[in-house]
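These notes are about the structure you will find just below.
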Amino acid sequence: MAVDLSLQWLGLSMASPLYNASGVMCRTRDELDAVAGSAAGAVMTKSCTLVAREGNPEPRYRATALGSINSMGLPNEGYQYYFDYAQAFDYRKPLFVSIAGMTLEDNLYMLAALRDLRLPCLPEVNLSCPNLPGKPQLAYDFAATAEALAAFCQVYPGPFGVKLPPYFDPVHFAQMAALLNRFDSLRFVTCINSVGNGLLIDLESETTLIKPKGGLGGLGGDYVLPTALANVREFARLMPEKHVIGCGGIKSGAEAFMHILCGATAVQLGTCLQEEGVAAFARIERELADLMAAKGYTTLADFRGRLKTFD
Ligand code: RRO
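Here you go:
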């Protein structure tokens, strides 16, 4: 039975639902080209600021048997670097540009600049960086998020998306979904960013695994899969007119399948891609196709959002 992993959404065509999470394999042109040249269905850039940043001191990323912790601190080459990349891109697959201004004004400036370029790429505005000392995640402040989204829509007329942090309470899912549903040109949300401010410890040396923020950092990998699935599921249910992109804990075809079963239109690889490199895309696509074939599904639409519950 031939399995088809392709999808169409927002006028975009993807041969596969897998692409890189912002932050992984996407800071430099070489890394972006490697994703573009791989089996990934799309390419995402590192979140950018107006001015290039070095980020936090090292060690700032560590992987364990169960996932990863990072406090990179938004190292990036500055928005112009990624916009230049977007101008030179061949668009044989979709390109998403992640934006993470240090202020609302910075985000508006970058969105206006992107608008004026009239490129076929789509912005994903990062409302959820957990690693800037002294700076809380915007998307945990619902009033500030509403204000920011209204301003984005004023400046940027095209479709755009946001990267959300994980939420942990049904009331917060409902409040955030109601807020996001007010903005028609907000067409997709990516769930989830890393689970912020975890702490991993090396038992032998009794030391934190990473240096910034006394060892606190965003968790990814196995640690976050159930949280990611819950966020995908709830936002997909509460925002039927929008696309939810799943991110968190995907390391094989099984987790990719679960994200899509929860309602994800497409899915992103973070920790697994960082650890395995771009070969992960072809491997997980093969595993997803095999799993679908074994279950008798031939397209992603056959099972997307069809999670069964006991009630
Ligand atoms: O660069 C980072 O420290 C970082 C960012 Br901007 C983000 O959104 N999520 C994350 O885990 N790390």
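Just so we're aligned: 135 in the working numbering is position 135 of the sequence shown, and the numbers increase by one with no gaps anywhere.
Yeah, the Cβ is synthetic: ideal placement off N, Cα and C, and Gly gets one too.
Keep in mind the model is a prediction, meaning the values are calculated, not measured.
Write down the C-beta distance between residue i and residue j rounded to the nearest angstrom, noting that I regard them as a contact closer than 8 Å.
i	j	result
asparagine 20	leucine 269	6 Å
asparagine 231	cysteine 272	Asparagine 231 to cysteine 272, Cβ: 18 Å. No contact.
leucine 179	alanine 151	At roughly 14 Å, the Cβ-Cβ gap does not stay under 8 Å, so leucine 179 and alanine 151 are not in contact.
isoleucine 69	leucine 209	6 Å
asparagine 197	proline 130	6 Å
glycine 73	leucine 132	7 Å
tyrosine 82	threonine 45	5 Å
leucine 300	leucine 7	6 Å
valine 43	alanine 289	That pair is no contact at about 21 Å.
Count the other CB atoms, across all protein chains shown, that sit within 10 Å of the CB of residue i; report buried if there are 16 or more and exposed otherwise.
i	result
phenylalanine 281	buried
valine 51	exposed
arginine 60	buried
phenylalanine 168	exposed
tyrosine 223	buried
leucine 117	exposed
glycine 214	exposed
proline 123	buried
phenylalanine 257	buried
glutamine 137	buried
phenylalanine 188	buried
phenylalanine 204	With the sequence shown as reference, residue 204 is identified as glutamate, and phenylalanine is not the correct amino acid for it. Burial call: exposed.
methionine 292	buried
glutamine 154	exposed
isoleucine 201	exposed
serine 194	buried
lysine 251	buried
tyrosine 85	buried
valine 24	buried
proline 94	buried
proline 170	exposed
leucine 10	exposed
lysine 135	exposed
arginine 182	exposed
Within 7 Å: the Cβ of residue i and any heavy atom of ligand 1?
i	result
leucine 209	no
cysteine 26	no
serine 47	yes
leucine 74	yes
asparagine 70	yes
asparagine 193	yes
asparagine 197	no
alanine 139	no
glycine 134	no
asparagine 107	no
alanine 100	yes
serine 16	no
asparagine 126	yes
asparagine 131	yes
glycine 23	yes
glycine 248	no
glycine 218	yes
Would residue i count as contacting chain D if we go by Cβ distances under 8 Å?
i	result
proline 240	Protein chain content of the structure displayed is limited to a single chain, and chain D is not contained in it.
Those runs of the alpha helix (DSSP H) which lie wholly inside the stretch 225–260 and span at least 4 residues: 225–238
Length at least 4, wholly inside the stretch 125–196: the alpha helix (DSSP H) runs in chain order: 142–155 and 170–181
Would you mind listing the beta strand (DSSP E) stretches within the stretch 39–104 that are 3+ residues and don't spill past its ends, in chain order? 61–64, 67–70 and 95–99
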